[in-house]
Amino acid sequence: MDNFQSILRFLVNQKTTIGYSFMALLTIGGERIFSMVSFQCPCNHDQNFAYGVTFLLGPAAVLLIFGIFSSTRFWKLYTGCCLNPMKLCPRGNCFGCLRVFLSIFTGACVAPIMWLCVALLNGTFYECAVSGLDDSLVVDLFCKNKTLKCREELARVPCDRSKLSSEERMELLLMFRAQSQILGWCIIIIGAFVGLLGTCYKNCRSQVSYLQLKFWKSYIDKEKERFDALAIEYATKLAERNLESFFENKAPDPFPFPNHKAWEEISAYYTFSRSEQYYSTLQRYVEKAENRNLPPEKRPVMDVEHETEMN
1 MDNFQSILRF LVNQKTTIGY SFMALLTIGG ERIFSMVSFQ CPCNHDQNFA YGVTFLLGPA
61 AVLLIFGIFS STRFWKLYTG CCLNPMKLCP RGNCFGCLRV FLSIFTGACV APIMWLCVAL
121 LNGTFYECAV SGLDDSLVVD LFCKNKTLKC REELARVPCD RSKLSSEERM ELLLMFRAQS
181 QILGWCIIII GAFVGLLGTC YKNCRSQVSY LQLKFWKSYI DKEKERFDAL AIEYATKLAE
241 RNLESFFENK APDPFPFPNH KAWEEISAYY TFSRSEQYYS TLQRYVEKAE NRNLPPEKRP
301 VMDVEHETEM N
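If you use the UniProt record's numbering, the sequence shown corresponds to residues 1 to 311, in order.
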C-alpha cells in the first residue's frame, strides 16, 4: 500500500511532465495517421504549395484554438467582459492584462509547436509544399547545375510520376527532407531556449521563495480539486431539494448559497501582494469580509511590478 501511495504521489508531482509527454505521443500518432491515411500530394505546380501548407499549418491552427478554448484562465477573464469591460483591466492595469493573455497564448502554443516540429521532422508535408513553389530562387536552389527537365518535373518529385531518373529524384527528396528537418530542429531549439529564459525570468521576479511558490501551486491544485468536488455535491443537493419541492408540492427548505457578487469576486484573476497572505481570490474573499460587497472593478489590485501570476 505504501508503494502504491508513493507511485501515486510521484505521478501527481510529475503530472505536468506526464501531460506534455502524452500530448507529444498524441501529436506523433496524429501526424503519422495524417501522413499515411489522408495525405496525398497532388504533384502539380498549382496545388502542391496550398495542399502541403494546409496539412502543415491547418492542424496547428486547430490545436491553437483548442488550447485557448480549453484554458480556464482565458474564460475567467473573458466571461462577462462585454457587460463589464473593467473586468479585463481593473483600475486601468492594461499591461498586467496583456501579460495574462500572453501567458495564456504561450500555454496554448505548446501543442501547435509540437505538431509543427513532428511534421517538419517527418518532412512529408514540407516536401509537397516546397516542390510546388514557382519562385525562381527556390527552383534555382533545388535545380542548380541540373537540366531543364528538373524545373519542369520538380512538382512531381514527391510522387512516383516524375520523369527524372531515380538518382535525381532521390537527391531532390533528400534535399527537401533535410531542409524540413533543419527547420524542425530550429523550432525545437528556439522553443527550448525561449521556455528556459521565460521560466528563469518569471522565477527571478517572483515575490515569494521557491518553497512558498511550490506550496502555492499545491494549494491552487487542491483548491481546484475540492471546488469541483464540492460544486458537484452542492449542485446535487440543490437539485434534489428543488425536485422534492416540485413533486411533493411543498415549500422548499432553506438552502443558503453564494450570491452573484460572491461568484464574480472569486472568478476574478488573482494578483499577489506581499502585504496579504492569500493564495487565491477564494481565500481572499473568505478572509477579507470588508471586500465582499465591493463591485469587481473596485477589488484590490497590485501594480504590475508587484504582481506574480500563477498558472
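Note that beta-carbon positions come from the ideal geometry of N, C-alpha and C, so glycine has one too.
Note that the coordinates shown come from a computational prediction; the quantities given were computed from them, not determined experimentally.
Hey, how far is the Cα of C81 from the Cα of R284?
Within the sequence shown, residue 81 is the residue found at index 81, counting from 1. Within the sequence shown, residue 284 is the residue found at index 284, counting from 1. Approximately 22 Å between the Cα atoms of the pair.
Which whole runs of the alpha helix (DSSP H) in the region 217 to 283 are 4 residues long or more, in chain order?
260 to 266
Check this for me: beta carbons of T27 and V130, under 8 Å apart or not?
As a first step, residue 27 is located in the sequence shown; it is residue number 27 there, counting from the start. As a first step, residue 130 is located in the sequence shown; it is residue number 130 there, counting from the start. Contact: no.
Taking only the alpha-carbon atoms, compute the straight-line gap between T199 and V139 and give it to the nearest angstrom.
Residue 199 sits at position 199 when you count from the first residue of the sequence shown. Residue 139 sits at position 139 when you count from the first residue of the sequence shown. The alpha-carbon atoms of T199 and V139 are separated by roughly 42 Å.
Can you check whether the CB of N84 is closer than 8 Å to the CB of A155?
Taking the first residue of the sequence shown as position 1, residue 155 is located at position 155. Taking the first residue of the sequence shown as position 1, residue 84 is located at position 84. Not a contact, by the Cβ cut-off of 8 Å.
Assign L133 to one of three DSSP states: helix, strand, or coil.
For the purposes of this step, residue 133 is taken as residue 133 along the sequence shown, with counting starting at 1. Of the three classes helix, strand and coil, the one that applies to L133 here is coil, per DSSP.
Flag this pair as touching only if the region 246 to 266 and the region 195 to 213 have three or more C-beta atom pairs under 8 Å; answer yes or no.
no
Closest to I188 by C-alpha separation, out of L120, E152, D221, would be which residue?
On the sequence shown, position 188 is the one that residue 188 refers to. The shortest Cα separation from I188 among L120, E152, D221 belongs to L120.
Can you look up V128 in the DSSP assignment and give me helix, strand or coil?
Position 128 of the sequence shown, counted from the start, is the residue given in the question as residue 128. Here the sequence assigns Cys to residue 128, which means Val is not the residue at that position. Three-state result, C128: helix.
I'd like to know whether the C-beta atoms of G52 and F125 end up nearer to each other than 8 Å.
Position 52 of the sequence shown, counted from the first residue, corresponds to residue 52. Position 125 of the sequence shown, counted from the first residue, corresponds to residue 125. Yes, Cβ-Cβ distance for G52 and F125 is below 8 Å.
Please state the DSSP three-state secondary structure of D140.
Here residue 140 is taken as the residue at index 140 of the sequence shown, counted from 1. If DSSP states are grouped into helix, strand and coil, D140 belongs with the helices.
Quick test of your reading: Y279 and I220, contact by CB under 8 Å. State the CB separation rounded to the nearest angstrom.
As a first step, residue 279 must be located in the sequence shown, where it is residue number 279. As a first step, residue 220 must be located in the sequence shown, where it is residue number 220. Indeed, because the Cβ distance is near 7 Å, the residues count as touching under 8 Å.
Considering only residues of the same chain and omitting the five flanking positions on each side of S245, which have a CB-CB separation below 6 Å?
In the sequence shown, counting from the first residue as 1, residue 245 sits at position 245. Excluding five sequence positions before and after S245, the CB atoms of its chain that fall closer than 6 Å to its own CB belong to P252, given in chain order.
By the DSSP assignment, the alpha helix (DSSP H) with N44 in it spans what residues?
On the sequence shown, position 44 is the one that residue 44 refers to. Premise fails: N44 is in no alpha helix (DSSP H) and is neither H nor E.
For the alpha helix (DSSP H) that contains C81, what are its first and last residues?
Translated into the one-based positions of the sequence shown, residue 81 becomes position 81. Premise fails: C81 is in no alpha helix (DSSP H) and is neither H nor E.
Since L98 and Y269 are thought to touch, with beta carbons under 8 Å apart, how far apart are those beta carbons, to the nearest angstrom?
On the sequence shown, position 98 is the one that residue 98 refers to. On the sequence shown, position 269 is the one that residue 269 refers to. No, L98 and Y269 are not in contact; Cβ-Cβ is about 13 Å, not under 8 Å.
Alpha carbon to alpha carbon, how far is T54 from V62?
Along the sequence shown, read from residue 1 onward, the residue named residue 54 stands at position 54. Along the sequence shown, read from residue 1 onward, the residue named residue 62 stands at position 62. Each residue's Cα considered, the two are about 11 Å apart.
Does L157 come out as helix, strand or coil in the three-state DSSP assignment?
Here residue 157 refers to the residue found at position 157 when the sequence shown is read from its first residue. The amino acid occupying residue 157 in the given sequence is Val; Leu does not appear at that position. Looking at V157 - three-state DSSP - the assignment turns out to be coil, as it is neither helix nor strand.
Keeping to the same chain, check which residues put their C-beta closer than 7 Å to that of A24; ignore five residues upstream and five downstream.
Reading the sequence shown from its first residue, position 24 is the one you call residue 24. Cβ contact annotation for A24 (same chain, cutoff 7 Å, sequence separation greater than five): M114, in chain order.
Does DSSP put S103 in a helix, a strand or coil?
As a position in the sequence shown, residue 103 is number 103, starting the count at 1. S103: helix per DSSP, three-state reduction.
Please classify V194 as buried or exposed, where buried requires at least 16 neighbouring CB atoms within 10 angstroms.
To locate residue 194, count along the sequence shown from 1; it is residue 194. By the neighbour-count criterion, in which 16 or more other beta carbons inside 10 Å mark a residue as buried, V194 falls on the exposed side.
What is the C-beta distance between L238 and F255, in whole angstroms, given that I count them as a contact (C-beta under 8 Å)?
In the sequence shown, the residue the question calls residue 238 occupies position 238. In the sequence shown, the residue the question calls residue 255 occupies position 255. Correct: roughly 6 Å between the Cβ atoms.
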